[in-house]
Amino acid sequence: MTENLNEETLNTERPYSGKIVNLRVDTIKLPSGRVVTREVVEHCDSVCMVPVDNEHNIWFVRQFRTPAGRALLELPAGGIDDGELASDAALRELQEEIGCTATDLKHLASFFLAPGWCNEYMHAYLATGLIPSKLEADDDENIQIEKIPLKEVSTLIQNGDIDDVKTIAGLLLATQVLGDN
Numbered sequence: 359m360t361e362n363l364n365e366e367t368l369n370t371e372r373p374y375s376g377k378i379v380n381l382r383v384d385t386i387k388l389p390s391g392r393v394v395t396r397e398v399v400e401h402c403d404s405v406c407m408v409p410v411d412n413e414h415n416i417w418f419v420r421q422f423r424t425p426a427g428r429a430l431l432e433l434p435a436g437g438i439d440d441g442e443l444a445s446d447a448a449l450r451e452l453q454e455e456i457g458c459t460a461t462d463l464k465h466l467a468s469f470f471l472a473p474g475w476c477n478e479y480m481h482a483y484l485a486t487g488l489i490p491s492k493l494e495a496d497d498d499e500n501i502q503i504e505k506i507p508l509k510e511v512s513t514l515i516q517n518g519d520i521d522d523v524k525t526i527a528g529l530l531l532a533t534q535v536l537g538d539n
């Protein structure tokens with residue numbers, strides 16, 4: 359039945375190309391024959407990790423997010439470089455953002471973050487067996503690391519203290535594997 363949902367791209371323009379995102383404007387023909395415009399933000403695929411230490415603490419990063427206008431409590435995350443495997447990107451981002459690597463990395467799920475306007479596809483991982491291993495952080499990152507017990511996470515989500523979608527999705531997926539200790 360998806361054949362009735364398919365759209366035909368008639369034309370594509372790229373009015374903006376940046377360091378992190380590009381803007382693509384597609385002229386689309388709908389199955390009804392109507393022609394419409396779709397604006398798409400192009401972003402590289404990405405990873406997020408749920409790092410859990412031996413004491414059942416989740417390692418978060420808190421960082422200012424300009425679009426949100428405030429600092430958010432988030433899971434470590436980042437883009438996948440060209441030619442890089444998602445699992446390798448996950449281990450690299452852990453080292454850059456929290457100064458640890460993981461001896462066990464379990465893929466939890468993959469998902470679109472905002473498919474109505476962005477093509478970014480994220481891979482979520484559970485990272486355990488954390489050991490110190492630091493890589494140089496990106497120049498534009500200003501991050502604070504916070505360790506929070508796993509058992510407190512659902513309350514933080516319900517209270518709105520965690521309101522980042524990748525973080526909520528990653529945590530919910532991880533608690534299915536770990537339980538709600």
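In this note's numbering, each residue's number is its place in the sequence shown (first place is 1) plus 358. Just so you know, even glycine gets a beta-carbon here, dropped at the ideal spot from N, CA and C.
Extent of the continuous beta strand (DSSP E) run through residue i
| i | result |
| --- | --- |
| Ile520 | Ile520 -> no beta strand (DSSP E), and no H or E assigned at all. |
| Arg392 | Here Arg392 belongs to no beta strand (DSSP E), and DSSP marks it neither H nor E. |
| Ile386 | Val379 to Lys387 |
| Glu504 | Ile501 to Pro507 |
| Asn362 | Counting along the chain, Asn362 falls outside any beta strand (DSSP E), and DSSP gives it neither H nor E. |
CB of residue i within 9 Å of CB of residue j, strictly
| i | j | result |
| --- | --- | --- |
| Gly528 | Pro490 | no |
| Leu431 | Asp519 | yes |
| Phe469 | Ala448 | no |
| Leu484 | Leu508 | no |
| Leu433 | Thr461 | no |
Identified DSSP bridge partners for residue i
| i | result |
| --- | --- |
| Pro490 | Cys458 |
| Val535 | According to DSSP, Val535 bridges with nothing at all. |
Please confirm if the region 381-399 is in contact with the region 417-425, defined as three or more CB-CB distances below 8 Å between the two stretches.
no
At which residue ranges does the region 407-482 contain complete alpha helix (DSSP H) runs of 4 or more residues, listed in the order of the chain?
444-456
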